[in-house]
Amino acid sequence: MTRKQRYEFVIDYFQKNAPEAETELIYDSPYQLLVAVILSAQCTDKRVNITTPAIFEKYPDIKTLSQTNFDELFPLIKSISYPNNKTKHLIGMAQKLMKEFNGEIPMTVDELIKLPGVGRKTANVITSVVDKQPNMAVDTHVFRVSKRLGLVSTKANTPLAVENELLKYIPQELVHQAHHWLILHGRYTCLARNPKCEQCGLMQVCKYFWMQKS
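Following this note's numbering from start to finish, the sequence shown increments by one per residue and tops out at 1709.
Structure below.
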């Protein structure tokens, strides 16, 4: 099977079985999504969704968040992983948006990564979810699933390398959705330690599965 055929099989499977795949973070605006994604680094979406309502109630927009301080915000974030850094990042992010972007969230990766707490992965999430831009955020799930399925080469050993290879083969108009396909597949089926291979509809084209069989 060629790599192109492998991609065609995988995309067809997800289009049929996960046509409505989307982020599991709960948000009502780009501001809320940005806060949630920053908080989600090395933390579960479930925990983030438990935490954010109190934050959004107290700080309903970028301006109010930019005017708070560490001691006021930290108690709302302390149950999240790395709360000290994330508290500083959220305040710094809001202040920079107010100072340099007139309180508006930019929709380019290059501008977003200038914000505290926003790396390439977060910027790709924001632009792909909010604006459906063809940007591929590579987290641990996307990285693992892409490698196991054989969608990317063995030499793709960094998130950026995986991102670039995925973008070569996934049609532009599907990239924003493919991001969620791979994440959710990794979260619920292709688990890191005990993948549910026997329940997986991609088993027949999965390099990892057949390597374990041999």
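Note that beta-carbon positions come from the ideal geometry of N, C-alpha and C, so glycine has one too.
The model shown is predicted, which means the values in this text are computed figures rather than measured ones.
Taking Gly1645 as the reference, give the member of Ala1673, Leu1661, Ala1589 with the closest Cα. Here residue 1645 is taken as the residue at index 150 of the sequence shown, counted from 1. Ranked by how close their Cα comes to the Cα of Gly1645, the residues Ala1673, Leu1661, Ala1589 have Leu1661 in first place.
For Ile1557, count neighbouring Cβ atoms within 10 angstroms of its own Cβ and tell me buried if that reaches 16, exposed if not. As a working mapping, residue 1557 is identified with position 62 in the sequence shown. Ile1557 should be labelled buried.
Tyr1508 - containing alpha helix (DSSP H), residue span: Mapped onto the sequence shown, residue 1508 falls at position 13. Boundaries of the alpha helix (DSSP H) around Tyr1508: 1498–1512.
Entirely enclosed beta strand (DSSP E) segments - the segment 1614–1683, minimum 3 residues: Counting whole runs of 3 or more residues, the segment 1614–1683 contains no beta strand (DSSP E) stretch at all.
Below 8 angstroms on the Cβ atoms is my guess for Phe1575 versus Arg1542; work out the distance and round it to an integer in Å. Sequence index remark: in the sequence shown, residue 1575 carries index 80 (1-based). Sequence index remark: in the sequence shown, residue 1542 carries index 47 (1-based). It is worth fixing the name first, because residue 1575 is Ile in this sequence and not Phe. About 6 angstroms; that satisfies the 8 angstroms criterion.
For Lys1691, I'd like the list of residues in its chain whose CB is within less than 6 angstroms of its CB, leaving aside the five on either flank, ordered along the chain. Here residue 1691 refers to the residue found at position 196 of the sequence shown. Result list for Lys1691: Thr1684, in chain order.
Let's test the definition: count the other Cβ atoms within 10 Å of the Cβ of Phe1509 and tell me whether it reaches 16, buried, or not, exposed. Reading the sequence shown from its first residue, position 14 is the one you call residue 1509. So Phe1509 ends up on the buried side.
Buried or exposed: where does Phe1565 fall if 16 or more other Cβ atoms within 10 Å of its Cβ makes it buried? Taking the sequence shown and counting its residues from 1, one reaches residue 1565 at position 70. When all chains shown are included, Phe1565 counts as exposed.
Using the Cα positions of Pro1525 and Ile1621, report the straight-line distance between them to the nearest angstrom. Taking the sequence shown and counting its residues from 1, the one referred to as residue 1525 is at position 30. Taking the sequence shown and counting its residues from 1, the one referred to as residue 1621 is at position 126. Approximately 8 angstroms between the Cα atoms of the pair.
Let me know if Gln1537 comes out buried or exposed under the rule of 16 or more other beta-carbons within 10 Å of its beta-carbon. On the sequence shown, position 42 is the one that residue 1537 refers to. Its Cβ having fewer than 16 others within 10 Å, Gln1537 is exposed.
Measure from the alpha carbon of His1680 to the alpha carbon of each residue in Val1530, His1671, Trp1705, Ser1641, then state which is nearest. Locating residue 1680 in the sequence shown gives position 185, where the first residue counts as 1. With distances taken between Cα atoms, His1680 lies closest to Ser1641.
Given 8 angstroms as the limit, is there contact between the segment 1624–1632 and the segment 1517–1535, that is, 3 or more CB pairs closer than that? With a cut-off of 8 angstroms, the segment 1517–1535 and the segment 1624–1632 count as touching, because enough Cβ pairs lie within range.
Three or more C-beta pairs closer than 8 angstroms, one from the segment 1591–1606 and one from the segment 1567–1581: is that the case here? No: the two stretches stay apart, fewer than three of their Cβ pairs being nearer than 8 angstroms.
Within the segment 1500–1584, ranges of the alpha helix (DSSP H) (whole runs, at least 4 residues): 1525–1534, 1540–1553, 1557–1561, 1565–1572, all fully within the segment 1500–1584.
In whole angstroms, what separates the C-alpha of Gln1694 from that of Tyr1522? Stepping through the sequence shown from its first residue, residue 1694 is reached at position 199. Stepping through the sequence shown from its first residue, residue 1522 is reached at position 27. So the alpha carbons of these two residues sit roughly 31 angstroms apart.
Buried or exposed: Asn1619, going by 16 or more other Cβ atoms within 10 Å of its Cβ? Stepping through the sequence shown from its first residue, residue 1619 is reached at position 124. Taking all protein chains shown into account, Asn1619 has 16 or more neighbouring C-beta atoms within 10 Å of its C-beta and is therefore buried.
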